[in-house]
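Q:
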Amino acid sequence: MARRIIFLLFLIACVDRSINVHCEKQPVSSSFDKHDNVSSSLAELFSGKRIPLFRYISNKTSRLSTQAVQVGWDRGLQTSLYVISVGLGTPAKTQIVEIDTGSSTTWVFCECDGCHTNPRTFLQSRSTTCAKVSCGTSMCLLGGSDPHCQDSENYPDCPFRVSYQDGSASYGILYQDTLTFSDVQKIPSFTFGCNLDSFGANEFGNVDGLLGMGAGPMSVLKQSSPTFDGFSYCLPLQKSERGFFSKTTGYFSLGKVATRTDVRYTKMVARRKNTELFFVDLAAISVDGERLGLSPSIFSRKGVVFDSGSELSYIPDRALSVLSQRIRELLLRRGAAEEESERNCYDMRSVDEGDMPAISLHFDDGARFDLGSHGVFVERSVQEQDVWCLAFAPTESVSIIGSLMQTSKEVVYDLKRQLIGIGPSGAC
């Protein structure tokens, strides 16, 4: 969930090896003001925001393709990220999980005394194929916990802890079970975290867990390789009171890359210090066809990722300053009025949808992704008036192209060719 970009994976801390796990909880503030001091007004943008709820439909084809379609907007899940429904265990128990390309560990809430529960909580004792991962095994080593498995003779379970940059964390015990996407898409002996306790749990809303689609060894793709060597998705546009962004159907396909011929690709870039993410070499940003005067090194210093687990996009402070100034100049010229009480927010009632600034990303290998105007702004209400605010925030860490900027486009991760692709707006 990398509005929470993962920076610490599978460390044993505060984990009781028995099923009763009680750890000291720490107070956690909003995820957005945890990310490099993002303003509180930006954090409030997503308070109680409705999200698209996906479900899977079986597609019994030889290409093992699964399509997800939206079936509703659900405030009850209390998260602004995109979710899908998968099955876990035998018989398969439905789990509604957030899709996160910004982390690699899949985990769900499991049964234990005093744990977060809902009717879908995974009951590991009722699955005939569920087994704990033991210390000393290869999967425990891959999870990063094995050196910390102390007294494995008396406590053989492999503990895990996943910490996120917003201060939230999930910890418990590693298990293996069957992960089901459809009748023909199952990953047996899939290693995942059984969350027995957490802090910052309010950040996870009422979803059942997280589906790790990152680059690390515990990710869905790495554990299912070579059966699945890629995936693609299209995140649907969220509805607006103005009528903007009114389409509502998205999809997710595992093991099948782009079917569209207009998808453009850029190469994945390895970074030795971070093997959990799929990096790209962003060289420049342009607004309405005009490049901003930024050095490529401003992005290459920390790296850039596409992250479905972050609503906002995050770029270095200097880049954000130049981008916001350019956006401001264009909008004021086109009839928008600046909102005095909120930075980078505008009254756009006099601006046609077609006049909203469009953003393009330019990469070191010559690729150009035209992201358009969708996701450049988010709509909110200020003093009973609808305004549009720039959906970017500053960061001193990895730059992120968030889910809002990816909406309505087919996004492709092709591991076989080590490419990330994105198509034009309108794919969903």
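With mature numbering (1 follows the signal peptide of the UniProt record, and there is no 0) applied, the sequence shown covers -17 to -1, 1 to 411.
Idealized CB from N, CA, C, for every residue including glycine.
Starting from the C-beta of T77, find all residues in its chain whose C-beta is less than 7 Å away, skip the five residues before and the five after it, and write them out in chain order.
A: Only S68, G70, R103 meet the Cβ criterion.
Q: What's the call for R225, buried or exposed, on a 16-neighbour Cβ count within 10 Å?
A: For R225, the predicted structure reports a pLDDT of 42, less than 50, and the residue's modelled location is therefore unreliable. A value from the coordinates is still provided. With fewer than 16 Cβ atoms within 10 Å of its Cβ, R225 is classed as exposed.
Q: Checking 8 Å against the spacing of the C-beta atoms, do G176 and V145 come in under that value?
A: Contact flag set, yes.
Q: Using 8 Å as the threshold, is the C-beta distance between P200 and D300 below it?
A: The answer is no: Cβ separation not under 8 Å.
Q: With DSSP as the reference, label Q159 as helix, strand or coil.
A: Strand.
Q: Quick check: what's the CA-CA separation for G337 versus S356?
A: G337 and S356: Cα-Cα distance of roughly 9 Å.
Q: To which residues of the same chain is W371 closer than 6 Å at the C-beta, ignoring the five residues directly before and after it?
A: Result list for W371: Y329, M331, F360, E362, in chain order.
Q: Taking the beta carbon of N101 as the centre, do at least 16 other beta carbons fall within 10 Å, making it buried, or is it exposed?
A: Its Cβ having fewer than 16 others within 10 Å, N101 is exposed.
Q: Assign P209 to buried or exposed, taking buried as 16 or more other Cβ atoms, counted over all protein chains shown, within 10 Å of its Cβ.
A: With fewer than 16 other Cβ atoms within 10 Å, it is exposed.
Q: Report the residue from A152, V381, D245 whose alpha carbon sits nearest the alpha carbon of N178.
A: Checking every option, the nearest Cα to that of N178 belongs to A152.
Q: Let's test the definition: count the other Cβ atoms within 10 Å of the Cβ of R309 and tell me whether it reaches 16, buried, or not, exposed.
A: Label assigned to R309: buried.
Q: What residue from S165, G238, F346 has the CA that sits closest to A267's CA?
A: Nearest C-alpha to A267: F346.
Q: Going by DSSP in three states, E379 sits in which element: helix, strand or coil?
A: In the structure shown, E379 sits in coil (DSSP, three-state: anything other than H, G, I, E or B).
Q: Taking R326 as the reference, give the member of F375, V91, C118, Y158 with the closest Cα.
A: That would be F375, whose Cα lies nearest to the Cα of R326.
Q: Look at the alpha carbon of T73 and the alpha carbon of Q159, and state the distance between them as a whole number of angstroms.
A: If I take the Cα positions, the gap works out to 12 Å.
Q: Grab me the residues of V305's own chain with a C-beta within less than 7 Å of its C-beta, minus the 5 sequence neighbours each way, in chain order.
A: L275, G276, L277.
Q: Can you look up P74 in the DSSP assignment and give me helix, strand or coil?
A: In this structure, P74 counts as coil in the three-state DSSP scheme.
Q: Suppose contacts are defined by Cβ-Cβ distances below 8 Å. Is V334 in contact with G318 by that definition?
A: Yes, they are a contact pair.
Q: Where S110 and G349 are concerned, what is the direct C-alpha to C-alpha distance, given to the nearest angstrom?
A: Rounded to the nearest angstrom, the two C-alpha atoms are 50 Å apart.
Q: Does DSSP put Q401 in a helix, in a strand, or in coil?
A: Coil at Q401, not helix or strand.
Q: For the candidate residues I170, C217, T88, whose alpha-carbon lies nearest to that of S207?
A: Checked all of I170, C217, T88; the closest Cα to S207 is I170.
Q: Taking 8 Å as the cut-off, decide whether the C-beta atoms of C113 and Q107 are in contact.
A: A contact, by the Cβ cut-off of 8 Å.
Q: Under three-state DSSP, which class holds G337?
A: Helix.
Q: Use the C-beta contact count for A302: other C-beta atoms within 10 angstroms, 16 or more gives buried, fewer gives exposed.
A: Looking at its Cβ environment, which holds 16 or more other Cβ atoms inside 10 Å, A302 is buried.
Q: Do M251 and L354 come within 8 Å of each other at the CB atom, strictly closer than that value?
A: Not in contact: L354 and M251 (Cβ atoms no closer than 8 Å).
Q: Hey, V246 and V395 are a contact pair by Cβ (cut 8 Å); roughly how many whole angstroms apart?
A: Yes, V246 and V395 are in contact; Cβ-Cβ is about 6 Å, under 8 Å.
Q: By the DSSP assignment, the alpha helix (DSSP H) with F282 in it spans what residues?
A: Residues 280 to 283.
Q: What does a CB cutoff of less than 6 Å around S386 pick up in its chain, not counting 5 residues either side in sequence?
A: Within the same chain, S386 has close Cβ partners L218, S291, E294.
Q: Any idea what DSSP makes of S215, helix, strand or coil?
A: It is a strand residue.
Q: Measure the CB-CB distance between G399 and D212 and report whether it falls below 8 Å.
A: A small fix is needed here, since residue 399 is Lys in this sequence, not Gly. Yes.
Q: Quick one, which of D271, N257, T249, R311 has its alpha-carbon nearest G286's?
A: For G286, the nearest C-alpha among the options comes from N257.
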